[in-house]
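Chains as they are written, first to last, in our numbering: chain Z, 1109 to 1661; chain H, 1109 to 1661.
Each residue gets a CB set at the ideal place from its N, CA and C atoms; glycine is no exception.
There are 2 protein chains.
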Amino acid sequence: MYHAPLTDYNYLMQCFTPELSKEDRALYDAILTSVDELCQAQLVESNFIGDQQGIQFNPEDHSIQLPKGYQALVDQMRELGLFALEHASVWGGLELPKTICQLCYEMLMSANSALFLGMSLTHSACMAIEKNASEELKNTYLPKMVSGQWMGSMCLTESHCGTDLGLIKTKAMSKGDHYLISGQKIWITFGEHDLAENIIHLVLAKLPDAPEGSRGISLFLVPKWLENGDRNTVYCAGVEHKMGTHVSPTCVMQFDEAQGYLIGEANHGLAHMFVMMNDARKTVANQGIALAEIAYQASHAFVKDRRQSRALDPNKHDHAHPADPILHHPDVRRQRLHAKSIIIGLRALLFYAHTLPQDDPLTNLLTPILKSFCTEIGCDVIDHCLQVMGGSGYVKDWHVEQYYRDARIAMIYEGTNGIQALDFVLRKIKHHSSEWQSFLDQCKKDSEAMAPWLKPALQKALNETQHHFEIILKDLDNNSEIAAAKAPIYLKLAGYTLVTLMWGKLTQNTDASEQYHTLGKYFLDHEACKIEALSIELNQDFSLITEFKSEDF
Amino acid sequence: MYHAPLTDYNYLMQCFTPELSKEDRALYDAILTSVDELCQAQLVESNFIGDQQGIQFNPEDHSIQLPKGYQALVDQMRELGLFALEHASVWGGLELPKTICQLCYEMLMSANSALFLGMSLTHSACMAIEKNASEELKNTYLPKMVSGQWMGSMCLTESHCGTDLGLIKTKAMSKGDHYLISGQKIWITFGEHDLAENIIHLVLAKLPDAPEGSRGISLFLVPKWLENGDRNTVYCAGVEHKMGTHVSPTCVMQFDEAQGYLIGEANHGLAHMFVMMNDARKTVANQGIALAEIAYQASHAFVKDRRQSRALDPNKHDHAHPADPILHHPDVRRQRLHAKSIIIGLRALLFYAHTLPQDDPLTNLLTPILKSFCTEIGCDVIDHCLQVMGGSGYVKDWHVEQYYRDARIAMIYEGTNGIQALDFVLRKIKHHSSEWQSFLDQCKKDSEAMAPWLKPALQKALNETQHHFEIILKDLDNNSEIAAAKAPIYLKLAGYTLVTLMWGKLTQNTDASEQYHTLGKYFLDHEACKIEALSIELNQDFSLITEFKSEDF
């Protein structure tokens, strides 16, 4: 029932990467098609099984089993090279552009977002290793991780600290050429499973003489199996029971003097980790889009077929049946346009960000917007997809309720959306204000070339974004609590403005389809109007938020 | 961990029912307290067990078992008279005012909303019987249903029709003093269970000579056990697997020439059913509030204790700990104020509606707003309660994810929120436009007495509500599809306006606490500003929604 939106993908490439050669396009099309086929043939179905059966944790031997069939499925993903898409060819990677990876990952996450987490964390771990580890570590670990033979995990959170990693207690003691890591990590996604021969944990820990707080954190590579074939002393000590993503093991990981190797410089672990974190955040943004897309498709199959009541317009009556498809009902159509205009707009925004050079400062500026906005608005789309199905949306038969549950974590992990907003306003805008300013200037210039039905609204939105940016810069100087209270609202205002910009870019070419013009107009009329409310809210009194008495809550 | 917000309840009574005698107040206080105690002592805990264990359906004997302990729990609820609260004393009822029932039901739904559905449907069935059934039926069934010894169910939906009940196929054949009912109903809440000696189904069916469509529906009473002790031929043939409300059985009910008795007039079944439907819709509104309340409480226990990062304001640093409670972080505080100002505002709106005489035309006008707005905004509050907890919101330990899943059905059942909006605009406003007009006039008059910080914004909101009302009346004449497309947006605009009105009423007395003033101001500044965006959206082009090509979706 799932079909990748390949036409939309093609149009994106045409708009944002027109420089691609015919040969490259042909290659990418072949890759996209083969991923789509895998999703249709097996991944979508495996996702339902995964939700129902979940994982089996055996406390005796600390093992975790995924449902039957998952190992063979991951073998197929390895064969297709899906673990290798974005990595350097020297390690066996395919070196695909980020844009094409985005589309592949979107399909994989639409089809089975919980399983994809295992692949995604392997990517992230590879990235951190590639960037900062010694040649020896790279040579030992990267080839097998890029092939997917070994998988990865990221061990950051401890029970008393997630956001505030400066407080971690996990210790690392030097011992010859390696370190002994001791401590407990929680919420470790794919910390243990039976899908790979080895699991390579990247672990944040503190050396004995480390400075306090976040400047005293180091990054270690801790394999489940050592090179000599011995089992390392890292074990899964428990698993979480969650609302969704049931097939993704969320583990308590116990390190008892486990052998580990330092990655990069001592006490620079957090910076090394952030290499991959920024990438992971864009992947989470993509998850919001991916689950919205499949929820749209699943619910669309329903609203096209389900007949209930007569269309209000007699010309739309289908006299062969006693009732008309609910797709004819204006409120259902409105929610369809809402979903479709947002999915295409968000996907374009992420794609646009992926066309930027990785070291472009704008990439860093956009990351928190992408992570927060794509997941929040993506979840909202799924909510509407569930809603148009009535009771059928709430029962398990149609799976939309699963997408609703699975997607909800995306607003939380890799830094909650609230943390993203703080990152955007208290760090990014504050320390890179001139980059944000030049980006807004560039957007204004770009807007000149856009269709006349969109240009004035976009320019107004950009002016609001500019205006509140200036005020927030002052707030940052005067009272950073006010800036923090405004942060999520300003981020959302920027998000709506950027998606408006994307609809401008998507419709400024004469070859944009009539469908795209209408979707763009819908977004402008019915979604972008939220910018006005956000702008009004930003003008309000925020001191009552910071000054409300804690005991009165 | 749950405590009923009795102080808020008391303030509501003081504001909206100042005429209550001291004796009545004392009685009501005692009832509220005893319900709160039951919730705290047992119901809250039973809810977690219910979610985990769900129901057991045995296809062999068509029986459904609820978890151990549920029978004893329902016995206690019977003893406390909770089934009898609102019914006439002639049937053993306590004749409590609707306002007090609202507060009792809110507590019960906060504590265990899935179980409450069984009680709620018994109430609704009693109401339909009391209003339209023969004296004989009333005498036979009401005393045992009002005591809770027997419970009720409402059998409306069939697989091909839920909203569009005119299409039902269930048949009723006359046979002497009774009828034989044959057909299949789906989504029958508490259609089968082991909590009561008998289950009294109210069933919509068609007589052989009935006119087509909704004017040919009759209402029948079909008991599981007949008066002579025989088992009637009505059976549970299957159950649904749902995202939430796991302890509420959602049944496929098979009627094979089951004995039934006509309630009221033949072919007037839908009208008879709507007696209870309007009441049930207000109960669903209350569910949105109730689950938001307990989600707020559960998440508040977390944000008060969870320490992560330092407060931005150095004066708030707690040097005894390495980090400060996340309640100090402005974004968390903002989401707390959001939740609290909405919960209190929605509860006041429902309470206000319950102070109106039941036959007041305004009651009918407000019902779709209450059902739709309280559930949509209530679910949004729960979403934010989950969010402030980060990963802890997503795992089962804190139960907020359960409230999130359980509440989601409220936007769907008893007529989806989309149907509520159509009812509000295409029926209520259209056919009772003068009542809506006089209500808006009355609100404007009321606003004159309100605090100066609120009055101008409320009056502006009322003017927007008035303005779009006039335009929609024209749309209804010119193009009802446009009116239908606007309906949910107009309903939401009216909802925000009415909650603003409530905050005006809650703060116009000098004895309103400082806390209430701040919450009202928060609502005005940060929530009521959404009225502006809704108003802007209503001014946009809606024809693109109705004219978008179906194949382009």
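Nearest C-alpha to Ala1219 of chain Z among Z:Asn1306, Z:Cys1263, Z:Tyr1404: Z:Tyr1404. The beta-carbon of Glu1509 of chain H is placed less than 8 Å from the nearest beta-carbon of chain Z. The straight-line gap separating the alpha-carbon atoms of His1575 of chain H and Leu1646 of chain H is approximately 10 Å.
Here Ala1456 of chain Z is not near Cys1493 of chain Z, since their CB atoms are 8 Å or more apart.
In this structure, H:Thr1573 is the residue among H:Asp1531, H:His1539, H:Thr1573 with its C-alpha nearest to the C-alpha of Cys1551 of chain H. At least one CB of chain H lies nearer than 8 Å to the CB of Gln1648 of chain Z. Collapsing the DSSP output to three states places Met1259 of chain H in a strand.
Counting C-beta atoms within 10 angstroms of its own C-beta, Met1109 of chain H has fewer than 16 neighbours from the protein chains shown and is therefore classed as exposed.
In the DSSP secondary-structure assignment, Thr1358 of chain H is bridged to H:Thr1297.
Residue-level contact by beta carbon holds for Ala1592 of chain H and chain Z, with a gap shorter than 8 Å. Per DSSP, reduced to three states, the secondary structure at Ala1313 of chain Z is strand. Among the CB atoms of chain Z, none fall inside 8 Å of the CB of His1170 of chain H. Of the residues assessed, Lys1657 of chain H falls on the exposed side of the cut-off, its CB having fewer than 16 other CB atoms within 10 angstroms.
Taken in chain order, the complete alpha helix (DSSP H) segments of 4 residues or longer contained in the segment 1343-1431 of chain H are 1377-1413. Close CB contacts of Glu1522 of chain H within its chain, under the 6 Å cut and outside five residues either way in sequence, are with Ala1388, Arg1389, Val1392 (chain order).
Listed in chain order, the non-local C-beta contacts of His1462 of chain H below 6 Å within the same chain comprise Lys1206, Thr1207, Gln1210, local neighbours out to five positions each way being set aside. Neighbours of Ala1134 of chain Z in chain H, taken as residues whose beta carbon is under 8 Å from its own, are absent, since the nearest beta carbon is some 28 Å off.
Taking all protein chains shown into account, Asn1586 of chain Z has fewer than 16 neighbouring C-beta atoms within 10 Å of its C-beta and is therefore exposed.
Not a single CB atom of chain H sits nearer than 8 Å to the CB of Ile1537 of chain Z. Taken residue by residue, none of the segment 1278-1292 of chain Z has a beta-carbon sitting less than 7 Å from a beta-carbon on chain H.
The C-beta separation of Leu1288 of chain H from Ala1374 of chain H comes to about 15 Å, leaving the pair out of contact by the 8 Å criterion. As the crow flies, the alpha-carbon of Glu1401 of chain H is around 7 Å from that of Ile1451 of chain H.
Our two residues, Val1330 of chain H and Pro1564 of chain H, have alpha carbons roughly 55 Å apart in a direct line. Buried is the label assigned to Lys1629 of chain H, since at least 16 other Cβ atoms lie within 10 Å of its Cβ. Distance check between Cys1123 of chain Z and each of Z:Phe1328, Z:Leu1275, Z:His1354, Z:Thr1615 places Z:Thr1615 closest, using alpha-carbon atoms only. The way I'd put it, the segment 1599-1607 of chain H does touch the segment 1631-1651 of chain H; three or more beta-carbon pairs between them come closer than 8 Å.
Sorting H:Asn1571, H:Lys1536, H:Gly1324, H:Lys1479 by C-alpha distance to the C-alpha of Ala1591 of chain H places H:Lys1536 at the top.
If the five residues before and after Leu1566 of chain Z are omitted, its C-beta is found closer than 7 Å to the C-beta atoms of Ser1555, Met1558, Thr1608, Leu1609, Gly1612, all from its own chain and listed in chain order. As computed with DSSP, Arg1513 of chain Z is found in no beta bridge at all. Residue-level contact check: Gln1528 of chain H does not touch chain Z, since none of the beta carbons of chain Z fall below 8 Å from its beta carbon.
Sequence-distant partners of Gly1368 of chain H (beyond 5 residues in either direction) whose C-beta falls short of 7 Å from its own C-beta, in its chain, are Ala1280, His1286, Tyr1287, Ile1289, Val1311, Phe1328, Leu1329, Val1330. For the segment 1300-1328 of chain H, no residue has a beta-carbon sitting nearer than 7 Å to a beta-carbon of chain Z. Excluding the 5 residues flanking it on each side, Gly1486 of chain H has same chain C-beta neighbours closer than 6 Å at Gly1396, Ile1397, Ala1400, in chain order. Residue state for His1286 of chain Z is assigned as strand, using DSSP reduced to three classes. In this structure, the beta-carbon distance from Gly1499 of chain Z to Trp1258 of chain H does not fall below 8 Å.
As a beta-bridge residue in DSSP terms, Gln1164 of chain Z pairs with Z:Gln1173.
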